[in-house]
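Here's the structure we're looking at; comments come further down.
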Amino acid sequence: MDQYLQIFVKVVEKGNFSKAAEELHMTQPAVSQYIKSLEEQIGARLLERTNKFVRLNQAGEIVYYHAQEILALMTKMQSLVDDLTNNASGPITIGASYTFGEYLLPHIIARMQHNYPHIQPSIKIHNSKEIIELVSSHLLDIGIIEGFLHNDQLNSEVVSEDKMVIVASPDHSLTNKPGTLSLAELAEETWILREEGSGTREAAENLFSSHQFTPKKIMEFGSTQLIKESVQAGLGISLLSHWAIEKELRNGYLGVIDVEGLPFIRNFSIITHTTFQTKAVKTFIETLREYLSDFE
Numbered sequence: 001m002d003q004y005l006q007i008f009v010k011v012v013e014k015g016n017f018s019k020a021a022e023e024l025h026m027t028q029p030a031v032s033q034y035i036k037s038l039e040e041q042i043g044a045r046l047l048e049r050t051n052k053f054v055r056l057n058q059a060g061e062i063v064y065y066h067a068q069e070i071l072a073l074m075t076k077m078q079s080l081v082d083d084l085t086n087n088a089s090g091p092i093t094i095g096a097s098y099t100f101g102e103y104l105l106p107h108i109i110a111r112m113q114h115n116y117p118h119i120q121p122s123i124k125i126h127n128s129k130e131i132i133e134l135v136s137s138h139l140l141d142i143g144i145i146e147g148f149l150h151n152d153q154l155n156s157e158v159v160s161e162d163k164m165v166i167v168a169s170p171d172h173s174l175t176n177k178p179g180t181l182s183l184a185e186l187a188e189e190t191w192i193l194r195e196e197g198s199g200t201r202e203a204a205e206n207l208f209s210s211h212q213f214t215p216k217k218i219m220e221f222g223s224t225q226l227i228k229e230s231v232q233a234g235l236g237i238s239l240l241s242h243w244a245i246e247k248e249l250r251n252g253y254l255g256v257i258d259v260e261g262l263p264f265i266r267n268f269s270i271i272t273h274t275t276f277q278t279k280a281v282k283t284f285i286e287t288l289r290e291y292l293s294d295f296e
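The opening position of the sequence shown corresponds to residue 1 in the UniProt record's numbering, with each subsequent residue numbered one higher.
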């Protein structure tokens with residue numbers, strides 16, 4: 001069945017029998033026969049076909065979603081069996097929220113690849129909510145999110161603290177104002193925040209709630225880099241991780257507003273399934289811990 005599902009997924013991804021056959025090193029009639037046999041086993045037509053493309057129907061969408069999950073589980077199963085006799089190697093799918101994924105993960109992967117070159121990492125960067133969903137669906141082996149997850153099906157472990165500060169343009173009057181400000185004094189400022197579902201957005205809302213503070217104007221952007229550029233340009237202020245602004249502070253592109261009760265502390269956590277972990281996953285976690293311990 002796994003071969004039928006692999007071929008089906010490839011056809012869906014390519015949207016074309018010929019392209020799928022070429023990548024699978026098969027003939028087009030052979031691919032078509034596999035799809036026909038799969039549809040017979042499932043008991044429903046899965047693809048709508050034209051001369052130029054194929055696309056999923058409603059039944060096909062159900063099968064495609066679960067086929068990805070089944071194939072991911074089979075890959076993990078094989079990796080676990082291989083681990084019994086081999087060193088850390090093979091594929092590992094890692095997901096991370098934007099802050100961790102863009103500013104910390106590349107360095108951790110580089111260290112792991114130097115020490116364990118046979119591990120083959122695949123990286124996905126999404127907001128924390130999407131990472132949790134992908135790990136839950138077995139489409140990721142491990143996720144790194146902002147905050148802590150309470151979930152009976154997944155393990156969650158805090159691995160690092162993140163200090164968050166309020167940043168503004170270096171020319172902003174408040175970046176050079178002596179003394180410590182209260183959050184209430186920033187009520188008239190335009191706040192540039194990440195989208196709903198982002199761990200950085202959740203941290204900002206937790207900060208506001210703890211101070212019983214409501215910004216009068218919020219602009220919502222879907223990228224930390226875009227927020228940094230916008231703050232630097234004087235468009236507004238933002239709450240950002242110290243990991244994300246190290247270079248900007250060092251080069252004088254951003255300034256920190258000294259606010260009472262800050263920095264705001266949040267956690268980075270790793271999430272995995274409660275079932276077995278491959279050596280590749282364990283090795284990645286060990287490498288991550290070693291890297292983060294250098295900053296403690």
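Note that CB positions come from ideal geometry on N, CA and C, so glycine has one too.
My output table needs one value for residue i: the three-state DSSP class, helix, strand or coil.
i: S241; result: strand
i: M74; result: helix
i: residue 299; result: This structure gives no information on residue 299, because the portion of the chain shown stretches from 1 to 296.
i: R45; result: coil
i: G236; result: coil
i: Q68; result: helix
i: Q120; result: strand
i: G252; result: coil
i: T278; result: coil
i: F284; result: helix
i: residue 302; result: Nothing in the structure corresponds to residue 302, since the chain is present only between 1 and 296.
Provide the residue(s) that pair with residue i in DSSP beta bridges, ordered along the chain.
i: F264; result: M164
i: A96; result: I125, I144
i: S269; result: I145, V158
i: V11; result: None, per the DSSP bridge assignment.
i: V259; result: L181
Are there 16 or more other CB atoms within 10 angstroms of the CB of residue i, so buried, or fewer, so exposed?
i: residue 321; result: The structure shown does not extend to residue 321, since the chain spans only 1 to 296, so no value can be given for it.
i: S241; result: buried
i: G43; result: exposed
i: V81; result: exposed
i: T180; result: exposed
i: Q277; result: buried
i: G252; result: exposed
i: E23; result: exposed
i: L226; result: exposed
i: G222; result: exposed
i: D171; result: exposed
i: A203; result: buried
Looking at the secondary structure, which residues open and close the beta strand (DSSP E) in which residue i lies?
i: L56; result: 54-56
So residue i is in the alpha helix (DSSP H); what residue range does that whole segment cover?
i: T50; result: From DSSP, T50 is part of no alpha helix (DSSP H); its letter is neither H nor E.
i: L104; result: Segment: none, L104 is in no alpha helix (DSSP H) and carries neither H nor E.
i: A88; result: Careful: A88 lies outside any alpha helix (DSSP H) and carries neither H nor E.
i: F17; result: 17-24
Relative to the ligand FAD, is the shortest distance from any of its heavy atoms to the C-beta of residue i smaller than 6 Å?
i: T93; result: The ligand FAD is absent from the structure shown, which contains no ligands of any kind.
Exercise. Which runs of the beta strand (DSSP E), 3 residues or longer, sit entirely within the segment 125-174?
Worked result: 142-146, 154-168
For this session: At 3 residues or longer, and completely inside the segment 163-233: list those beta strand (DSSP E) runs for me, N to C.
Result: 190-193, 217-220
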